[in-house]
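Quick note: the sequence shown uses numbering that gives the first Met the number 0, first residue 0, plus one each step.
The beta carbon of each residue, even a glycine, is placed where N, CA and C say it ideally should be.
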Amino acid sequence: MTIMIIDYGAGNIANVMKAIASTGLSAKLSHDPSEILAADGVVLPGVGAYGAAMSALKERHLIGPLQAYAKSGKPLLGVCLGMQLLFERSTEFGETAGLGIIPGDVVTLPQQQGYKVPQMGWNQNQVRQLNPITSTLNDTYTYFVHSFYVRTTPQYIAATVDYGQIEIPSVVVNDSGNVIGAQFHPEKSGKDGLLVWQSFKEMVDDK
């Protein structure tokens, strides 16, 4: 099995590779569209600003290949900013178009008394839809670092966390079920995070 981690200068690469290796899979960094399209599974990591990340994907001619890969039915997992890039647009520093793989917008977390922005730390997941990634997540705590969150319709929300009065989608999924995004960092979420990577391995094995 070949797992490609998208190499575009905006990812938490080393930790992601270690986490995938813990499942027994080997992963390769790539920004080669042909390698990505041929992969059995793809991981889109991400940290930093939305606009800069989309510019980096565009410069490497990866937008079309990622959109095509999502339509192929093979598993694609977006992590943190990588999850947010799956959506149609972000309002960070103005409006920026995203990959458009899942309908919805990325908007700023509002200020709330007693709750800091960014959300930084552990929060408890509540599963809304069962899928391979959420099968081990209900009531578990995972690690978040983000100032923006996804606003979308319930059909694309597989799990949530509460942050004050805001219900934040923590896991999202496309209509076909092969594209999943995690707002939290599985690679920083201890044993429960490792189970997410194991579940992704099983998705790849089943394809």
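In the three-state reduction of the DSSP assignment, F147 falls in the strand class. In this structure, DSSP gives T1 a state outside helix and strand, which the three-state scheme calls coil. Put simply, the backbone Cα of Q197 is about 13 Å away from that of S188. Distance from the CA of G8 to the CA of A48, rounded to the nearest whole angstrom, comes to 12 Å.
Under the three-state reduction of DSSP, I156 is assigned to strand. Pairing V149 with F86 gives a Cβ-Cβ distance under 7 Å. Here G97 is not near L43, since their CB atoms are 7 Å or more apart. By the Cβ criterion, the region 171–182 is in contact with the region 58–76, since at least three pairs of Cβ atoms, one from each stretch, lie closer than 8 Å. A distance below 6 Å between beta-carbons, with the five flanking residues on each side excluded, links P109 to no residue of its chain. Under DSSP, A13 shares a beta bridge with no residue.
The C-beta of Y114 has fewer than 16 other C-beta atoms within 10 Å across all chains shown, which makes the residue exposed.
If you look at S29, you'll find it in the beta strand (DSSP E) that goes 26–29.
Our two residues, D161 and P168, have alpha carbons roughly 9 Å apart in a direct line. For T133, the three-state secondary structure derived from DSSP is helix. For P32 and E91, the gap between their C-alpha atoms comes out near 27 Å.
Non-local C-beta neighbours of N137 in its own chain, meaning closer than 7 Å and more than five positions away in sequence, comprise N124, Q125, V126, ordered along the chain. Annotated three-state conformation of P32 is helix, per DSSP. Straight-line measurement puts the Cα of D191 at about 19 Å from the Cα of H145. Counted as a single uninterrupted DSSP element, the beta strand (DSSP E) harbouring L43 occupies residues 40–43.
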